[in-house]
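Note sheet for the following structure.
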Amino acid sequence: GLPLDLPSYLDDGSETAIIPVVSSLKSATVIFKRWFGRYRYVPDGFVVEGPKAGGHLGYRVEEIFSEESSLEKTVPEIRRFVDQVKRDTGKNIPVIAAGGIFDRDDVEKVFKLGASAVQVGTAFVATEECDADYRFKQAFVNACREDITIIKSPVGMPGRAIKNKFLDDVEQGKKKPFKCSFQCIKTCNYREAPYCIAEALMNACKGDLENGFAFTGSEGYRIEGITTVKKVIDRLFGENRR
Numbered sequence: 002g003l004p005l006d007l008p009s010y011l012d013d014g015s016e017t018a019i020i021p022v023v024s025s026l027k028s029a030t031v032i033f034k035r036w037f038g039r040y041r042y043v044p045d046g047f048v049v050e051g052p053k054a055g056g057h058l059g060y061r062v063e064e065i066f067s068e069e070s071s072l073e074k075t076v077p078e079i080r081r082f083v084d085q086v087k088r089d090t091g092k093n094i095p096v097i098a099a100g101g102i103f104d105r106d107d108v109e110k111v112f113k114l115g116a117s118a119v120q121v122g123t124a125f126v127a128t129e130e131c132d133a134d135y136r137f138k139q140a141f142v143n144a145c146r147e148d149i150t151i152i153k154s155p156v157g158m159p160g161r162a163i164k165n166k167f168l169d170d171v172e173q174g175k176k177k178p179f180k181c182s183f184q185c186i187k188t189c190n191y192r193e194a195p196y197c198i199a200e201a202l203m204n205a206c207k208g209d210l211e212n213g214f215a216f217t218g219s220e221g222y223r224i225e226g227i228t229t230v231k232k233v234i235d236r237l238f239g240e241n242r243r
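Quick note, the sequence shown lines up with residues 2 to 243 if you use the numbering used here.
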């Protein structure tokens with residue numbers, strides 16, 4: 002759900018910025034009205050996560066490939082909204098675009114749409130500095146476009162992942178409900194869920210892809226090899242960046 006009461010966790014005088022992740026103008030508006038109305042707090046930014054992002058997605062399955070959900074539509078809408086908030090409150094709210102951003106063309110595109118910054122995840126996985134297991138990184142290097150798929154997560158949300166035998170077994174009903182010691186989220190019916198997603202993701206990160214899988218953004222298949230953070234930054238912003 003939406004973090005409607007997040008400002009209540011801040012101590013008096015706290016300098017911590019709180020920047021909610023949203024997928025639509027509606028969610029940004031609801032958060033702002035609640036935070037400002039109840040706590041007199043204006044969000045310090047909005048991460049606008051589009052449907053090309055990796056991991057759990059804040060959309061229904063049928064919305065994921067709809068133009069109505071795209072960053073091309075959502076970023077300008079939220080830009081106009083935060084500009085109005087600035088006129089009303091005097092506070093600037095950065096719009097941070099996320100999801101499917103892989104190179105400089107992607108960055109320049111969302112900046113032209115009104116974004117102030119970008120959030121990038123998948124592009125940094127296959128770097129020397131990433132502390133995930135080498136086999137996890139290789140899952141991205143070896144992936145092709147057809148390997149990237151939308152799954153139904155045990156927590157009740159769609160997610161984007163790299164297909165592998167583990168997910169094939171889930172789809173074929175070979176995974177059975179398990180005993181859960183955590184019961185960490187209400188939307189996960191652990192009595193019927195075929196696997197624990199927290200364990201599956203941790204296993205994959207440690208290199209055990211027989212008992213897990215990797216979440217990825219839509220452009221994960223474009224990763225061609227293990228690189229460095231510097232080279233990823235150069236690809237995103239250009240070697241002549243300041």
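Backbone N, C-alpha and C define an ideal beta-carbon position, used for all residues, glycine too.
Can you list, in chain order, the residues of its chain whose CB lies under 8 Å from that of residue i, leaving out five sequence neighbours each side?
| i | result |
| --- | --- |
| Lys9 | Residue identity check: residue 9 is Ser in the sequence provided, not Lys. Closer than 8 Å at Cβ, skipping near neighbours: Tyr40. |
| Val43 | Phe33, Trp36, Phe37, Val86, Thr90, Lys92 and Ile94 |
Applying the 10 Å Cβ sphere with the 16-neighbour rule, what's the burial state of residue i?
| i | result |
| --- | --- |
| Tyr135 | exposed |
| Gly51 | buried |
| Gly157 | exposed |
| Lys138 | buried |
| Val62 | exposed |
| Glu147 | exposed |
| Arg81 | exposed |
| Gly239 | exposed |
| Arg192 | exposed |
| Glu220 | buried |
| Ala18 | exposed |
| Arg88 | exposed |
Please state whether DSSP places residue i in a helix, a strand or coil.
| i | result |
| --- | --- |
| Gly160 | strand |
| Lys153 | strand |
| Gln120 | strand |
| Phe66 | coil |
| Ile97 | strand |
| Gly56 | strand |
| Glu50 | strand |
| Phe183 | coil |
Going by beta-carbon coordinates alone, are residue i and residue j separated by less than 9 Å?
| i | j | result |
| --- | --- | --- |
| Val119 | Ile94 | no |
| Ile224 | Glu129 | no |
| Pro195 | Tyr60 | no |
| Gly2 | Gly55 | no |
| Tyr222 | Cys131 | no |
Give every residue of the same chain whose Cβ lies closer than 6 Å to the Cβ of residue i, excluding the five residues on either side of it in the sequence, and list them in chain order.
| i | result |
| --- | --- |
| Val108 | Val119 and Leu237 |
| Asp170 | Lys176 |
| Lys232 | none |
My assumption, with CB atoms under 8 Å, is that residue i sits in contact with residue j. Please give the rounded CB distance.
| i | j | result |
| --- | --- | --- |
| Phe214 | Ile163 | 6 Å |
| Leu72 | Val111 | 6 Å |
Excluding the 5 residues flanking residue i on each side, which residues of the same chain have their C-beta closer than 7 Å to its C-beta?
| i | result |
| --- | --- |
| Gly115 | Val76, Pro77, Arg80 and Val96 |
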